[in-house]
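Q: Residue numbers (my numbering), protein chains in the order written: chain A, 1 to 251; chain B, 1001 to 1251; chain C, 2001 to 2251; chain D, 3001 to 3251; chain E, 4001 to 4251; chain F, 5001 to 5251.
Protein chains: 6
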Amino acid sequence: MTTETLRQHWSEGKTSYNIFLTIPSPWTAELITHSGWETFTIDMQHGLMTFDTTLAMLQAAAPTGATPFIRLPWNDPAITMKVLDAGAAGVICPMINTAEDVERFVAACYYPPMGYRSFGPIRAKHYTEGNYFAEANDQVLTFAMIETADAVANLEKIAAVRGLDGLFIGPFDLSVSLGLDRIADFADPGLNEVFQRVLERCAEHDLFSGVFTTKVEDAKKVAEMGFNLVTCGDDSSILEQAVKGRRKALG
Amino acid sequence: MTTETLRQHWSEGKTSYNIFLTIPSPWTAELITHSGWETFTIDMQHGLMTFDTTLAMLQAAAPTGATPFIRLPWNDPAITMKVLDAGAAGVICPMINTAEDVERFVAACYYPPMGYRSFGPIRAKHYTEGNYFAEANDQVLTFAMIETADAVANLEKIAAVRGLDGLFIGPFDLSVSLGLDRIADFADPGLNEVFQRVLERCAEHDLFSGVFTTKVEDAKKVAEMGFNLVTCGDDSSILEQAVKGRRKALG
Amino acid sequence: MTTETLRQHWSEGKTSYNIFLTIPSPWTAELITHSGWETFTIDMQHGLMTFDTTLAMLQAAAPTGATPFIRLPWNDPAITMKVLDAGAAGVICPMINTAEDVERFVAACYYPPMGYRSFGPIRAKHYTEGNYFAEANDQVLTFAMIETADAVANLEKIAAVRGLDGLFIGPFDLSVSLGLDRIADFADPGLNEVFQRVLERCAEHDLFSGVFTTKVEDAKKVAEMGFNLVTCGDDSSILEQAVKGRRKALG
Amino acid sequence: MTTETLRQHWSEGKTSYNIFLTIPSPWTAELITHSGWETFTIDMQHGLMTFDTTLAMLQAAAPTGATPFIRLPWNDPAITMKVLDAGAAGVICPMINTAEDVERFVAACYYPPMGYRSFGPIRAKHYTEGNYFAEANDQVLTFAMIETADAVANLEKIAAVRGLDGLFIGPFDLSVSLGLDRIADFADPGLNEVFQRVLERCAEHDLFSGVFTTKVEDAKKVAEMGFNLVTCGDDSSILEQAVKGRRKALG
Amino acid sequence: MTTETLRQHWSEGKTSYNIFLTIPSPWTAELITHSGWETFTIDMQHGLMTFDTTLAMLQAAAPTGATPFIRLPWNDPAITMKVLDAGAAGVICPMINTAEDVERFVAACYYPPMGYRSFGPIRAKHYTEGNYFAEANDQVLTFAMIETADAVANLEKIAAVRGLDGLFIGPFDLSVSLGLDRIADFADPGLNEVFQRVLERCAEHDLFSGVFTTKVEDAKKVAEMGFNLVTCGDDSSILEQAVKGRRKALG
Amino acid sequence: MTTETLRQHWSEGKTSYNIFLTIPSPWTAELITHSGWETFTIDMQHGLMTFDTTLAMLQAAAPTGATPFIRLPWNDPAITMKVLDAGAAGVICPMINTAEDVERFVAACYYPPMGYRSFGPIRAKHYTEGNYFAEANDQVLTFAMIETADAVANLEKIAAVRGLDGLFIGPFDLSVSLGLDRIADFADPGLNEVFQRVLERCAEHDLFSGVFTTKVEDAKKVAEMGFNLVTCGDDSSILEQAVKGRRKALG
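Shown next, in the form of structure tokens:
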């Protein structure tokens, strides 16, 4: 699915489900994209991959046409530009605290005059119809993670940065940063208040909204709330649960 | 678990559950051995790994002490000796058809005078207490796969080969080779007849018995029948089922 | 292009051009399949890759749908089955000398009762519509290389082996083995006599015909002669020529 | 050895010897931890490894229980968090010059409210008893390298930063930076003055002390001075000396 | 060719031709350096390699003695020092905008007192005659890329930074940044004006001059203008053109 | 050192010392060849490398010009041809028992009409002056390992096989196979008798002689006896001894 189709889809109020990939393996990336997921996110922050494996995973996952997102390891222009050159359709930047953080992030994602991305789309150009340079600034999807108390405090300014496409909530770090009693509890009023504020800012600034969940019920709940990009778990955890459950069932 | 403990365990009529690893990844090997499986088998035949990944997986899975088996890619002394040097506790040889096949297989697993294994246990020696050369022939576990019509026809001679430790049934290839109506259907009388014959030969020749299953109920059934080493599925299939199921549940 | 389409194409007397990949790199495989080649051959014999890189190259080359052939390192059932499980559409076996060689080769490519391929199409099943087991024997393409004086002497018997899909001429080894004056000279009468005999045997036994060339003019010539699968060079040599030429042009 | 045991050990005034790993190889990491070293440091700064190899080395070295330290390539929160997620027990940060440098370093090592480490201990959680989140801030060991004239000038402020666990002297860079006559000469009065000042600051602020040495006699000397974590050489240099010496002995 | 020879060569007004390597493969690096190129640049910015592959490429390219340059992924001291330790003879830093940028870059390339490079030339020392520490600051070649409007505006100050060895023009990003009509058109007056200004600044400050080109005619043109280090294309593009051209020629 | 120089050297009765590489790492291969060893052997049998690492090690070790030998994993034409294509100067085949074994081995090493090696010296051609095809049969060095009781019994016939260049004794497997009291004890009369018989057969058939030793004194002893290629230990063992010794010296 191209990001153009995805934008259209989201603009109609639809939700896209997403899975995080943390296993550093092209094979599991290929297997998972053959299993019905229309978008996926390679998690370079807490996943065990670096650029080399990320590239191999982008290659292995390409045949199905699932849209590849990458969660960056950090707000760093070097790796941001490198994953875009390698064919990431969207990038999700962790640990955004301020509008200045967003500006640094998005400027690295766009060619001049919008930003300062350097030109050399070695692999990306093969996966874009038409002239890559002309199309790139319109195609790349940029999400800022909202996962700290600072980000919540600066939400209005963050949402207003030109060039940003969406806000993506990280409920684990957010719970910790806000000092909530339970981590990533989707029934927590404090967390839900942030969900609402993020949805409002997104509506106001024409941004897409996203959130990371680990349970199917939580994912469905936030989809109903109107979130566009809803992650439901990661491959390492899903595999761990499945093999633990199977071992236990054997007695 | 050392192979000595495993032999003791099996001699008391107990079953060890096992999982096949087909994802070429040290990380998933480490994750799975931290999830309660006391033995595992790296599948070099139909799995996507070669020796390099196999070595890395043996290393990553070592901390938990789960017993590492390796299904060989083929009955080939070069790779057999190499995985033993790398620290495989047990080896399972596919596509055994005759007693001569078994002789070729087991001779590669033992030092003279029992066999012709060449000396150089570069990694294995670090995971064996005492003198490796003195201990190795007693420790290594050798299983011949029974998965062809020829093997069934030659079962008596196969079971009688000196040095072999066990028979391990491969129900998929066996169903195909026997021309059974359904593949790997554990209710099939033809398959069950082979199960019985294998158990009888194992009892007669003091061999351990094993079988590959994909469902928990089949695994429990063969465990009750008395099989010692019971595999219940492989990581790629378990992951695929889990991520497909989750995607479907999201609607 | 599926092998079904390819068979259809060839049955109509058309030629498919092919390139050998010898650089062990998923990136160059991806780049080359985006450059207009509808089939390619990963050369595990003289190329610098092994199974690990071959798998990564199959993954990287998959998005374009170019048909992946693999030249086996040797007539060995272990690697033959492994590359088929990994998704090779066709396999080319080097150094075939006799009908017995062909029998050993093709038996490893087909499930029973046609052969003794073991079941476990871990990656291949994702790239086949319908039931893989039911389809596989019809889909896999098997080529025997004709590149020794012995093969020429035994041509009639080689061509008659049931299950073989085609003959593929290796003019370098063939020239050496026949003791021709110049290596792989397409004007050599001795070489051309073999070309004719191979085409005749193919016509007689309903086989496809192939040949390795290094020059565009030679490739066109053999295409006009009626060869179906015509390789024109390999990536290492093409790159070497291009960078040498460029350096020379700079003065 | 857990970091809890190590802290206890050091608090009793004992020394732990340590070796730096610069060869990018899981096998040598495994071999060395089987050779009696109770702690080791993967040197991501001057060693030839990056995160991928570091992860593989952590896995290969895990069975012996030797405590894994990592010298970071630089004071960068992205890689600091990533190696902690991957299971580093302690981190040593090079090129610390000021208290602000230390603050940036240690904040990346601790979860809120102590710091801003992001939550996702994908591998680390499997090697910690109890709840990882609750335990992590107490377990991780943080060392700042003292290896520049600036660091010596700012020593008092550096040592006073809350959250820092120890100071680790790098005598090579320190000699260069101080403009000493000989590099890393442990008899140099200038170097010894720094040793004393570091030990005093450590005593004052309840910090652990460490130093890199290359000779056994130097290591013993600083151990007697009271240093807790004493590195004695790196694997590349030790191997180089050994093979050079052997070649010379052959004549 | 040592950097000493290269400096001598350039001081006599000669040009060295150079090729960018973007394929992450030691084999293609080896192949290309055996094809007549006396210097090459591993492009860690837009090429698909990271440090691991870069190291392997430096090793594979070493036998021919071609001088290894590395284009850094970014102006980051961690990776700068790491590639110098690994044996880069020269480093080219992208996206330099100001004199401060240059200062940050060159300080990372030199040992004190010239800079703050940390000592540990693990591989580099084997490829330097004499004492590495004593020689290094004289040997390493440092080039700042001039490829933004800001850099052009700050050219005088950039050229004046002590320790910098040369200016290297990136005409693609430069065209984009200057808002020129056509990208990297060597006939563009705007681009040529920058060429002249760079040559003048180089003459004035005793700097070497370089430029990236993609066509032989452009490379010859800038060589005639007096540029010292003239890149003529990259391996991925050259391979792509060659295989596309060949496929087209076959009809 | 070319094999031509080596043959000359040996013909004058000189000894070349050699080291076995078992660590699967290009870096240690590079380090060791920079430490004075004029020949080395990559041990694909008991070492932890496969073809991929072997290739990388050949590349990393090439700059010094040390002569690369490879101990094959097994007497298998596929891997024999592949390592020759990759640039091995000499090959040592393990577990030779009969003259037929030698014939199978050496035929794979030579182009027709001497053998059946297939043509495609992708990397080797870059390291041979002149026409590779014309030179190869004269350059490649072939050693058969004498390490079983069968080989000793068949020594006369083994030594007489045309095309073989030398005999190389493996004292570990030989001791085991002969049932000697102590393994690889160079004072053992049984072992010394084999040494003498091998030297006699080599003299008689114009073959070179080699032996594997682990101690400097044993290496010197066999060199004095007249052995040409004398291995003195392997990198894993040398590193293990050195780090164990250092740890012990620290107390």
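Quick reminder that beta carbons are idealized off the backbone N, C-alpha and C, glycines included.
Just the chain E side, please: which residues come within less than 7 angstroms of residue 5026 (chain F) by C-beta, in chain order?
A: Along the sixth sequence, read from residue 1 onward, the residue named residue 5026 (chain F) stands at position 26. Ordered by position in chain E, the residues that pass the 7 angstroms Cβ test against residue 5026 (chain F) are 4056 and 4059.
Q: Among the residues of its own chain, which have a CB less than 8 angstroms from the CB of residue 3125 (chain D), if the five just before and after it don't count?
A: The residue labelled residue 3125 (chain D) in the question sits at position 125 within the fourth sequence. Only 3132 meet the Cβ criterion.
Q: Tell me the residue span of the alpha helix (DSSP H) that contains residue 3189 (chain D).
A: Looking up residue 3189 (chain D) in the fourth sequence gives position 189. From DSSP, the alpha helix (DSSP H) with residue 3189 (chain D) extends over 3189-3205.
Q: Would the segment 2015-2034 of chain C and the segment 1006-1022 of chain B be scored as touching if the rule is three or more Cβ pairs under 8 angstroms?
A: With the cut-off at 8 angstroms, the segment 2015-2034 of chain C and the segment 1006-1022 of chain B do not touch.
Q: By Cβ distance, which residues of its chain are closer than 6 angstroms to residue 78 (chain A), with the 5 residues on each side in sequence left out?
A: The residue given as residue 78 (chain A) occupies position 78 in the first sequence. Excluding sequence neighbours, residue 78 (chain A) sits near nothing in its chain.
Q: According to DSSP, is residue 3146 (chain D) part of a helix, a strand, or is it coil?
A: Indexing the fourth sequence from 1 puts residue 3146 (chain D) at position 146. Note: residue 3146 (chain D) maps to strand in three-state DSSP.
Q: Leaving out the 5 sequence neighbours to the left and right, which residues in its chain are closer than 7 angstroms to residue 3055 (chain D) when beta-carbon positions are compared?
A: Start at 1 with the first residue of the fourth sequence, and residue 3055 (chain D) comes out as number 55. Hits under 7 angstroms: 3086.
Q: For residue 4222 (chain E), name the three-state secondary structure that DSSP assigns.
A: Translated into the one-based positions of the fifth sequence, residue 4222 (chain E) becomes position 222. In this structure, residue 4222 (chain E) counts as helix in the three-state DSSP scheme.
Q: With residue 5245 (chain F) as the anchor, note down where its alpha helix (DSSP H) starts and where it stops.
A: Taking the first residue of the sixth sequence as position 1, residue 5245 (chain F) is located at position 245. Start and end: 5235-5250.
Q: Less than 8 angstroms between the beta carbons of residue 3159 (chain D) and residue 3205 (chain D), yes or no?
A: Along the fourth sequence, one-based indexing puts residue 3159 (chain D) at 159. Along the fourth sequence, one-based indexing puts residue 3205 (chain D) at 205. In terms of Cβ geometry, residue 3159 (chain D) and residue 3205 (chain D) form a close pair [threshold 8 angstroms].
Q: Would you report the Cα separation of residue 4237 (chain E) and residue 1142 (chain B), rounded to the nearest angstrom?
A: Here residue 4237 (chain E) corresponds to residue number 237 of the fifth sequence, with the count starting at 1. Here residue 1142 (chain B) corresponds to residue number 142 of the second sequence, with the count starting at 1. Going from the Cα of residue 4237 (chain E) to the Cα of residue 1142 (chain B) covers about 52 angstroms.
Q: Going along the chain, which residues of the segment 4127-4146 of chain E sit with their C-beta nearer than 9 angstroms to a C-beta in chain D?
A: 4133
Q: Cβ closer than 9 angstroms: which chain C residues qualify as neighbours of residue 30 (chain A)?
A: Along the first sequence, read from residue 1 onward, the residue named residue 30 (chain A) stands at position 30. Near residue 30 (chain A) (Cβ distances below 9 angstroms), the residues of chain C are 2059, 2062, 2123 and 2126.
Q: Compute the Euclidean distance between the alpha carbons of residue 198 (chain A) and residue 65 (chain A), then round it to the nearest angstrom.
A: For the purposes of this step, residue 198 (chain A) is identified with residue 198 of the first sequence, where counting begins at 1. For the purposes of this step, residue 65 (chain A) is identified with residue 65 of the first sequence, where counting begins at 1. Roughly 29 angstroms between the two C-alpha positions.
Q: Is it right to say residue 4060 (chain E) is buried, meaning 16 or more other beta carbons lie within 10 angstroms of its own, or is it exposed?
A: Along the fifth sequence, read from residue 1 onward, the residue named residue 4060 (chain E) stands at position 60. That one is buried.
Q: Identify the continuous beta strand (DSSP E) that holds residue 2119 (chain C) and give its terminal residues.
A: Residue 2119 (chain C) sits at position 119 when you count from the first residue of the third sequence. No beta strand (DSSP E) holds residue 2119 (chain C); DSSP gives it neither H nor E.
Q: Note down, in chain order, every chain E residue with its Cβ under 7 angstroms from the Cβ of residue 5034 (chain F).
A: As a working note, residue 5034 (chain F) is residue 34 in the sixth sequence. Ordered by position in chain E, the residues that pass the 7 angstroms Cβ test against residue 5034 (chain F) are 4126.
Q: Out of F:5069, F:5034 and F:5052, point me to the one whose CA is closest to residue 5252 (chain F)'s CA.
A: Shown here, chain F extends from 5001 to 5251; a query on residue 5252 (chain F) therefore has no answer.
Q: At 7 angstroms on the CB atoms, spell out the chain B contacts of residue 236 (chain A), in chain order.
A: Position 236 of the first sequence holds residue 236 (chain A). Under the 7 angstroms cutoff, chain B gives 1031.
Q: In chain B, what lies closer than 8 angstroms to residue 5230 (chain F) by C-beta?
A: For the purposes of this step, residue 5230 (chain F) is identified with residue 230 of the sixth sequence, where counting begins at 1. The contacting residues do not exist; residue 5230 (chain F) stays about 19 angstroms from chain B at best.
Q: 8 angstroms is my cut-off, CB to CB: does residue 5071 (chain F) come that close to chain D?
A: Here residue 5071 (chain F) refers to the residue found at position 71 when the sixth sequence is read from its first residue. By this cut-off, residue 5071 (chain F) is not an interface position.
Q: Is there a C-beta anywhere in chain D that falls below 8 angstroms from the one on residue 4016 (chain E)?
A: Your numbering for residue 4016 (chain E) matches position 16 in the fifth sequence. With 8 angstroms as the cut-off, residue 4016 (chain E) does not count as an interface residue toward chain D.
Q: Tell me whether residue 2132 (chain C) counts as near the ligand GTP, meaning its Cβ is closer than 7 angstroms to at least one heavy atom of that ligand.
A: In the structure shown, the ligand GTP is absent, as is every other ligand, since no ligand is present at all.
Q: Assess, as a yes-or-no matter, whether the segment 3223-3239 of chain D is touched by the segment 3181-3189 of chain D under the definition of 3 or more beta carbon pairs within less than 8 angstroms.
A: no
Q: Quick check: the segment 3043-3050 of chain D against the segment 4101-4120 of chain E, are there 3 or more CB pairs under 8 angstroms?
A: yes
Q: For residue 2015 (chain C) and residue 2223 (chain C), which I take to be in contact (beta-carbon distance under 8 angstroms), what is that distance rounded to the nearest angstrom?
A: For the purposes of this step, residue 2015 (chain C) is taken as residue 15 along the third sequence, with counting starting at 1. For the purposes of this step, residue 2223 (chain C) is taken as residue 223 along the third sequence, with counting starting at 1. At roughly 4 angstroms, the Cβ-Cβ gap stays under 8 angstroms, so residue 2015 (chain C) and residue 2223 (chain C) are in contact.
Q: Mind pulling the chain A residues with CB within less than 7 angstroms of residue 1219 (chain B)?
A: Here the question's residue 1219 (chain B) lines up with position 219 in the second sequence. Those are 250, listed as they occur along chain A.
Q: Give the DSSP bridge partners of residue 211 (chain A), in chain order.
A: As a first step, residue 211 (chain A) must be located in the first sequence, where it is residue number 211. The partner list for residue 211 (chain A) (beta bridge, DSSP) reads A:169 and A:230.
Q: Here's a check: name, in chain order, each residue in its chain whose Cβ is nearer than 7 angstroms to the Cβ of residue 2081 (chain C), leaving out the five neighbours to either side.
A: Working through the third sequence from its first residue, we reach residue 2081 (chain C) at position 81. Result list for residue 2081 (chain C): 2108, 2117 and 2118, in chain order.
Q: Could you work out which residue in D:3136, D:3193, D:3075 and D:3177 is closest to residue 3103 (chain D) when comparing CA atoms only?
A: Along the fourth sequence, read from residue 1 onward, the residue named residue 3103 (chain D) stands at position 103. Minimum Cα distance to residue 3103 (chain D) is reached at D:3075.
Q: If you run the structure through DSSP and keep just helix, strand and coil, what is residue 5158 (chain F)?
A: Taking the sixth sequence and counting its residues from 1, the one referred to as residue 5158 (chain F) is at position 158. Residue 5158 (chain F) falls in the helix class under three-state DSSP.
Q: Give me, in chain order, the residues of the same chain whose beta-carbon lies closer than 6 angstroms to that of residue 5090 (chain F); leave out the 5 immediate sequence neighbours on both sides.
A: Mapped onto the sixth sequence, residue 5090 (chain F) falls at position 90. Once the five neighbours on either side are set aside, the close Cβ partners of residue 5090 (chain F) are 5069 and 5141.
Q: Measuring only the C-alpha atoms, how far is residue 139 (chain A) from residue 5 (chain A)?
A: Reading the first sequence from its first residue, position 139 is the one you call residue 139 (chain A). Reading the first sequence from its first residue, position 5 is the one you call residue 5 (chain A). Straight-line Cα distance between these residues: approximately 10 angstroms.
Q: Just checking my contact of residue 232 (chain A) with residue 1246 (chain B) at CB under 8 angstroms: how many whole Å lie between their CB atoms?
A: As a first step, residue 232 (chain A) must be located in the first sequence, where it is residue number 232. As a first step, residue 1246 (chain B) must be located in the second sequence, where it is residue number 246. Confirmed, Cβ separation roughly 6 angstroms.
Q: Could you pull out every residue in the same chain whose Cβ sits closer than 8 angstroms to the Cβ of residue 1037 (chain B), ignoring the five residues on either side in sequence?
A: Against the second sequence, residue 1037 (chain B) aligns to sequence position 37. Only 1017, 1018, 1019 and 1066 meet the Cβ criterion.
Q: Could you pull out every residue in the same chain whose Cβ sits closer than 6 angstroms to the Cβ of residue 5083 (chain F), ignoring the five residues on either side in sequence?
A: Your numbering for residue 5083 (chain F) matches position 83 in the sixth sequence. 5070, listed in sequence order.
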